[in-house]
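According to our numbering, the sequence shown is numbered sequentially starting from 22.
Cβ coordinates follow ideal geometry from the N, Cα and C atoms, glycine included.
Encoded as C-alpha cells, the structure appears first; notes follow it.
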Amino acid sequence: MEAGEIIRLLNEDYVKEIETTLIYVRNAFIMPRCDPSRVTEAIAIDEMRHMNWLAELIVKRGGKPGMEHNELDFGGDDLKGQLEKQKALETDAIERYKKHIEMIDDAEVVGVLKHILDEEKRHRKEFRIRLEKISP
Ligand SMILES: [Fe+2]
Ligand SMILES: [Fe+2]
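Here is the structure:
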C-alpha cells in the first residue's frame, strides 16, 4: 500500500478521534450522574491520546493531520441517549480499526492500531456497564 493511501486511512481515523473527543468532553459536563460522567471524561482523554498517536504516524509518513470534522451528534440531552451514542461510537471505531488493520501493510502503523483497538473494546465495555446500570 502506498504511503498516500495509508495517510488517507489514518486521517479518517484521526478525524473520528477528534469527533469522539469533543463529544465525550461535552457529555461529561452534561451528565447528571457522577460515575458515568467521570468514566466519559477519562475516556475522552484516551481518545485524545489516540489522536496524538495517529497524528505522529501521519506526520512521520509525510502527511498532515486533517481537522475537517463533521457536525457532532451528542446523543441528545439525557444520560441513556448519550451512553447509547457513545457505545455506538466505540462499535464504529472497533469495526473501522479492524478493517484498517486488515488493509494496511505497515508494521508500525498496524501495531499502533491494534493497541488503539484494544482500548476501544474496553471503552465499549465501560459504556455498556453504565447503560445496564440505568436500564437493566
Ligand atoms: Fe479512540
Ligand atoms: Fe474509544
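Check	Outcome
Roughly how many whole angstroms lie between the Cα atoms of GLU147 and ASP139?	13 Å
Is the separation between the beta-carbon of VAL46 and that of HIS90 shorter than 8 Å?	no
Can you tell which of GLU26, ASP127 and ILE51 has the C-alpha that lies nearest to the C-alpha of ASP98?	ILE51
Since LYS108 contacts LEU152 with CB under 8 Å, what's their CB separation in whole angstroms?	6 Å
Are VAL130 and TRP74 close, meaning C-beta to C-beta below 8 Å?	no
If I measure Cβ to Cβ from ALA76 and keep anything under 7 Å in the same chain, skipping five residues before and after, which residues do I get?	TYR35 and PRO86
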